[in-house]
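Trainee:
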Amino acid sequence: MVSTQTRTRAPATRPRGPRPTRGYRLFQVVNAVVLTGVVVVTLYPFLTIVARSLSDNAYIVAGEVNLVPRGFNLTAYRVVTSDPTFWISYRNTVFYTVVATLISVVLTTCYAYVLSKRHLRGRTALVGIAVFTMFFTGGLIPNYVLVTSLGLKNTVWAIALPNAINVFNLLVMKAFFESLPVELEEAAAVDGLNTYGTLLRIVLPLSKAMVATMVLFYAVSFWNSWFAAFLYLDRQDLLPVTVYLRNLIAGATDATQTGGGLGSAGDVVQSAATIQSVTIVLTILPILAVYPFIQRYFVSGIMLGAVKG
Amino acid sequence: MAAPTPRSRRTPWRRALRRDWQLYSLAVLPLLFFLTFRYLPMLGNVIAFRRFQPGGSIFGEYWTGLRYFRLFFTDPTFWSVFTNTLVLGALTLLFCFPLPIVLALLLNEVRNRALKRFVQSVSYLPHFLSIVIVAAMVLQLLSVDGTVNQLVRAVGGEPVPFMQQAGWFRTIYVSSEVWQTVGWGTILYLAALTTVDGDLYEAARIDGANRWRQTWHVTLPGIRPTMVTLLILNIGTFMAVGFEKILLLYNPLTYPTADVISTYLYRVGIVSGNLSYAAAIGLFESVIGLTLVLSANAISRRTVGTSLW
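For the record, the sequence lines run as chains V and A. As numbered in my numbering, residues 1 to 309 make up the first sequence, in order. As numbered in my numbering, residues 310 to 618 make up the second sequence, in order.
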C-alpha cells in the first residue's frame, strides 16, 4: 500500500518489477509478522524487568509478574538508591569512563594521524604492528601477570591502559584522515605550521564528527566494561557499577548453588529479584537516555571501518 | 595499496627522520602502548615453558620444557572444556553468522521507511548494553518465577531451573548471543545491499526470475564479499567464545556443558594461582585461533577471491 509512494521517493533502491505478485504480497505479510516478532522479542526482556522492578516481591515469587507490575510499589527503588555503595560505584564508573576515554581518544588520534600519512617511511610496519594484535594476543594470564607486576592493581590505570587503543577504532580513524584533502595540509605547511600545529588547528577542527564518534565508541565500551575492574580492583569502594551488579547477581546464583535443591534456596534468589531488577533498570537508564542520539554515530563509524576493511 | 609517489618508495631513513620527526614523535606513546600491553604479554607467554613464581620475574624463574603442556594434554578436564569450546563456538557460528544476513534481507524488503528505521533502531539496542546487564536479564527471565517458566506453567509444565541444568546452557547461551548481536550484525549487510546494481535485477526479471530467484542469484552474490569477510572474522573469534558472558552465566552445576577453555584457564590460573599451567593452555588456545584465521583467510582467497589481507 505504501510501496508505490516510497518507491517514487527512492527509485534507485528497488526497481523490481511493475506489479507485485500474489506470492510476494503474501511474503510482505509474513515479513511484517517476522519483523514485529523481532521487535517484540528484543523489547520484551526490558519491559519485564521494569515491571518486576515496580512489583511487590510476593507476586514475583508466585510467578505472576509479566509485563504489568503487580502490587505496584517503589520500595525496591528506595532501597537501592539509599545504598551509598551503589552511588559510589556509579561515580567510579563515570570517573573510569572519563579518564580511560580521554587517554584512548588522544592515543588513537595521534597514531591514526601518523598512519594516514602515505609518504611516511616505515608506515607499513607501523600499521602491521597494530593490525597483528587483532589476530594474536598474549592472552589473559600474561596480561594479568604484567598488570599486577606493574603495580597497577587498584588504580584507574589497570582499566584505562591495557585497552587504550582499539585497533578497529584506529583503522576507522585512519580511513577518515586519509579521506581528508591533502591540499589543506599542504597549505598549512606553506603557512608555516608544523605537524603539531596542522593536526591541532587544521585537521582536528575538520574532524569534529569523527572525534565525537571515537569518544562515543570508547565511552560506551568503558562504561559497559566489567572484567578488567573485576580482575584488578579488590576494594569495594573502587568498583564500577557493572561489577556492583555482577556481585549482586553472583550472590544470587551462589545462593542457589550452596542451597542445592530449589526449594531451600529459592527464597534467597527471590528476595533479590526486585533489587536486581531495580539495579538493572538504573544501570540501563543512562544508556537508554543517550541511545537515540548516539546510535547514528555508531552506524556511520562502523560503515567507515568496513569500507576500510 | 601501491605507494602513490615515487619518492616514498625509498626515502633514506636519515632523511625520513629529519623530515618527519614530528610525525614519528606522535607515534611514540601509541607504540609504547602496543609494546607494553600487547607485545610484552606475547613474550610473557614464555611462562608456559618456565616456572612462574608470584612476585618474581614476569618471565618466570627456570625452564620447565613442555611439562605444563604435557600436564594439560593428560588432564581429562582440559579435553572436556576443549570439546565444550568447539561445540559452543560451532553453535555460535551456526546461528550468529547467518541470522543477521536473513534479518538484513528481510529488512531490505520493507517498503515503509519509518517502519524499517524503527525495527533497526530497536534491534541495535541490545548491542549497547553491558554483558553484565544482559546476563542479569537472562537470569531474571529464566528464573523459576521468570517469564519463560510462566509460559511453561501456562502450557501445563513444571517450572524448570534452567540456569542449574547443564542440558540447557548451550541453548541459553546461543539465544542470548543472538538476541544481543543479530540486529547490530545487519548494519554491514544493509550497507552492502544498497550497492547492489539495480540493473542486475532488471536483467534478471527480463530473464523471468521471480523475486526469490532474484534474491538468490543477484542479491546474495552481491553481498558475498561482506559475508566472506565477516565469516573469516567470526572464525577468528571461534576459540575465544564469549568468555565474559559464560563467566557470568555458568556455575558448577552447568560446568559439564558451559566450561570452556578460557573460563577454565581463568579458574586454574587466576583463582587457583597455577599461572604457568594456565598460560600453557592460553598459548595453545591463541595458536589455534591464529591458525584458524590464517587458514580461513587463505582458503577464501583461493576459492572466492576475498581475503582480509
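Glycine is no exception: its CB is placed at the ideal position from the N, C-alpha and C atoms.
Looking only at C-alpha atoms, which of V:PHE95, V:SER104, V:LYS208 and V:GLY128 sits nearest to ASN166 (chain V)?
Mentor: If you number the first sequence from 1, residue 166 (chain V) lands on position 166. With distances taken between Cα atoms, ASN166 (chain V) lies closest to V:SER104.
Trainee: Distance check for PHE95 (chain V) and VAL464 (chain A), CA to CA, integer angstroms please.
Mentor: If you number the second sequence from 1, residue 464 (chain A) lands on position 155. If you number the first sequence from 1, residue 95 (chain V) lands on position 95. Going by the C-alpha atoms only, they are around 49 Å apart.
Trainee: Could you spell out where the alpha helix (DSSP H) holding THR535 (chain A) opens and where it closes?
Mentor: Position 226 of the second sequence holds residue 535 (chain A). Residues 533-545.
Trainee: Give me the residue from A:GLY531, A:PHE391 and A:VAL431 with the minimum Cα distance to VAL505 (chain A).
Mentor: Here residue 505 (chain A) refers to the residue found at position 196 of the second sequence. Taking only the C-alpha atoms, the option nearest VAL505 (chain A) is A:GLY531.
Trainee: Report buried or exposed for ARG296 (chain V), applying the criterion of at least 16 other Cβ atoms within 10 angstroms of its Cβ.
Mentor: Looking up residue 296 (chain V) in the first sequence gives position 296. Under this definition ARG296 (chain V) is an exposed residue.
Trainee: Tell me ARG359 (chain A)'s beta-bridge partners as DSSP assigns them.
Mentor: The sequence position of residue 359 (chain A) within the second sequence is 50, counting from 1. According to DSSP, ARG359 (chain A) bridges with A:TRP372.
Trainee: Under 7 Å Cβ-Cβ, which residues of chain A neighbour TYR111 (chain V)?
Mentor: As a working note, residue 111 (chain V) is residue 111 in the first sequence. Ordered by position in chain A, the residues that pass the 7 Å Cβ test against TYR111 (chain V) are ALA336 and PRO339.
Trainee: Once you ignore the five residues that flank ARG201 (chain V) on each side, which residues in its own chain have a CB closer than 7 Å to its CB?
Mentor: Here residue 201 (chain V) refers to the residue found at position 201 when the first sequence is read from its first residue. Hits under 7 Å: LEU193.
Trainee: Does ASP454 (chain A) come within less than 8 Å of chain V when only Cβ atoms are used?
Mentor: Your numbering for residue 454 (chain A) matches position 145 in the second sequence. Yes, contact with chain V.
Trainee: Is it true that the segment 350-359 of chain A meets the segment 139-154 of chain V, where meeting means three or more beta-carbon pairs spaced less than 8 Å apart?
Mentor: They touch, by the three-pair rule.
Trainee: Measure the beta-carbon distance from PHE381 (chain A) to ILE590 (chain A) and round it to whole angstroms, keeping in mind my assumption that it falls under 8 Å.
Mentor: As a working note, residue 381 (chain A) is residue 72 in the second sequence. As a working note, residue 590 (chain A) is residue 281 in the second sequence. Correct: roughly 5 Å between the Cβ atoms.
Trainee: Would you kindly report the start and end of the unbroken alpha helix (DSSP H) that includes ALA160 (chain V)?
Mentor: The residue given as residue 160 (chain V) occupies position 160 in the first sequence. Note, ALA160 (chain V): alpha helix (DSSP H), 157-160.
Trainee: Verify the CB distance criterion: does TYR322 (chain A) have a CB-CB separation below 8 Å to chain V?
Mentor: By 1-based counting over the second sequence, the position of residue 322 (chain A) is 13. Residue identity check: residue 322 (chain A) is Trp in the sequence provided, not Tyr. Yes, its Cβ sits closer than 8 Å to a Cβ of chain V.
Trainee: Less than 8 Å between CB atoms is the rule here; does GLY591 (chain A) satisfy it with respect to chain V?
Mentor: Counted from its first residue, the second sequence places residue 591 (chain A) at position 282. It does; some Cβ of chain V falls within 8 Å.
Trainee: Mind listing the chain D neighbours of LEU349 (chain A)? Cutoff is C-beta to C-beta under 7 Å, in chain order.
Mentor: Any reference to chain D falls outside this structure, whose protein chains are V and A.
Trainee: Taking only the alpha-carbon atoms, compute the straight-line gap between VAL602 (chain A) and PHE343 (chain A) and give it to the nearest angstrom.
Mentor: Locating residue 602 (chain A) in the second sequence gives position 293, where the first residue counts as 1. Locating residue 343 (chain A) in the second sequence gives position 34, where the first residue counts as 1. Answer to the nearest angstrom: the Cα atoms are 21 Å apart.
Trainee: Take the Cβ of ARG323 (chain A) as the centre, count every other Cβ of all protein chains shown within 10 Å, and call the residue buried at 16 or more, exposed below.
Mentor: On the second sequence, residue 323 (chain A) is found 14 positions in, with the first residue counted as 1. Its Cβ having fewer than 16 others within 10 Å, ARG323 (chain A) is exposed.
Trainee: Using a C-beta to C-beta distance shorter than 8 Å, which residues of chain V count as neighbours of GLU486 (chain A)?
Mentor: What you label residue 486 (chain A) is simply residue 177 of the second sequence in a count that begins at 1. Under the 8 Å cutoff, chain V gives no residues; its nearest Cβ is about 14 Å from GLU486 (chain A).
Trainee: In terms of residue numbering, what span does the alpha helix (DSSP H) encompassing GLU511 (chain A) cover?
Mentor: Taking the second sequence and counting its residues from 1, the one referred to as residue 511 (chain A) is at position 202. That run of the alpha helix (DSSP H) goes 507-515.
Trainee: When burial is assigned at 16 or more other CB atoms within 10 Å of the CB, is TRP434 (chain A) buried or exposed?
Mentor: Reading the second sequence from its first residue, position 125 is the one you call residue 434 (chain A). Per the sequence shown, the amino acid found at residue 434 (chain A) is Leu instead of Trp. The residue is buried, with at least 16 neighbouring Cβ atoms inside 10 Å.
Trainee: Hey, how far is the Cα of ASN606 (chain A) from the Cα of PRO162 (chain V)?
Mentor: Position 297 of the second sequence, counted from the start, is the residue given in the question as residue 606 (chain A). Position 162 of the first sequence, counted from the start, is the residue given in the question as residue 162 (chain V). Roughly 28 Å separates the two Cα atoms.
Trainee: From the beta carbon of ARG78 (chain V), is the nearest beta carbon of chain A less than 8 Å away?
Mentor: For the purposes of this step, residue 78 (chain V) is taken as residue 78 along the first sequence, with counting starting at 1. No, no contact with chain A.
Trainee: Let me know the secondary structure DSSP gives PHE293 (chain V) once reduced to three states.
Mentor: Along the first sequence, one-based indexing puts residue 293 (chain V) at 293. Note: PHE293 (chain V) maps to helix in three-state DSSP.
Trainee: Quick check: the Cα distance between VAL80 (chain V) and SER53 (chain V), rounded to an integer number of angstroms?
Mentor: One-based indexing of the first sequence puts residue 80 (chain V) at position 80. One-based indexing of the first sequence puts residue 53 (chain V) at position 53. VAL80 (chain V) and SER53 (chain V): Cα-Cα distance of roughly 11 Å.
Trainee: Using a 10 Å radius around the Cβ and a threshold of 16 neighbouring Cβ atoms, would you call PHE227 (chain V) buried or exposed?
Mentor: Counted from its first residue, the first sequence places residue 227 (chain V) at position 227. Per the 10 Å Cβ criterion, buried.
Trainee: Going by C-alpha to C-alpha distance, which of A:ALA567, A:TYR510, A:ARG610 and A:MET446 sits closest to PHE387 (chain A)?
Mentor: On the second sequence, position 78 is the one that residue 387 (chain A) refers to. That would be A:ALA567, whose Cα lies nearest to the Cα of PHE387 (chain A).
Trainee: Check whether the Cβ atoms of ALA501 (chain A) and GLN276 (chain V) sit closer than 8 Å, and answer yes or no.
Mentor: The residue labelled residue 501 (chain A) in the question sits at position 192 within the second sequence. The residue labelled residue 276 (chain V) in the question sits at position 276 within the first sequence. Going by C-beta atoms, ALA501 (chain A) is not nearer than 8 Å to GLN276 (chain V).
Trainee: Go to THR148 (chain V), then tell me how far its alpha helix (DSSP H) extends in each direction, as first and last residue.
Mentor: One-based indexing of the first sequence puts residue 148 (chain V) at position 148. Unbroken alpha helix (DSSP H) run through THR148 (chain V): 140-149.
Trainee: Would a C-beta distance cut-off of 8 Å place GLY492 (chain A) and SER585 (chain A) closer than the cut-off?
Mentor: Within the second sequence, numbered from 1, the residue matching residue 492 (chain A) stands at position 183. Within the second sequence, numbered from 1, the residue matching residue 585 (chain A) stands at position 276. No, the Cβ-Cβ distance between GLY492 (chain A) and SER585 (chain A) is not below 8 Å.
Trainee: What three-state label does DSSP hand GLN342 (chain V) in the structure shown?
Mentor: The requested residue 342 (chain V) does not occur in the structure, where chain V is confined to residues 1 to 309.
Trainee: Along chain V, in chain order, which residues have C-beta atoms closer than 7 Å to that of PHE437 (chain A)?
Mentor: Your numbering for residue 437 (chain A) matches position 128 in the second sequence. By Cβ distance, chain V contributes VAL220, ILE287 and TYR291.
Trainee: Enumerate in chain order the residues of its own chain whose CB-to-CB distance from SER300 (chain V) is below 6 Å, with the five nearest sequence positions on each side excluded.
Mentor: As a working note, residue 300 (chain V) is residue 300 in the first sequence. None.
Trainee: 8 Å is my cut-off, CB to CB: does PRO162 (chain V) come that close to chain A?
Mentor: As a working note, residue 162 (chain V) is residue 162 in the first sequence. So, interface residue.
Trainee: Could you compute how far the alpha carbon of TYR218 (chain V) sits from the alpha carbon of GLY398 (chain A)?
Mentor: Taking the first residue of the first sequence as position 1, residue 218 (chain V) is located at position 218. Taking the first residue of the second sequence as position 1, residue 398 (chain A) is located at position 89. Whole-angstrom Cα-Cα distance: 27 Å.
Trainee: Would you verify that the beta carbon of TYR371 (chain A) is, or is not, closer than 8 Å to some beta carbon of chain V?
Mentor: For the purposes of this step, residue 371 (chain A) is taken as the residue at position 62 of the second sequence. So no, TYR371 (chain A) is outside the interface.
Trainee: Entirely within the segment 75-127 of chain V and at least 4 residues each: give me those alpha helix (DSSP H) ranges in chain order.
Mentor: Runs of the alpha helix (DSSP H) inside the segment 75-127 of chain V: 75-81 and 84-115.
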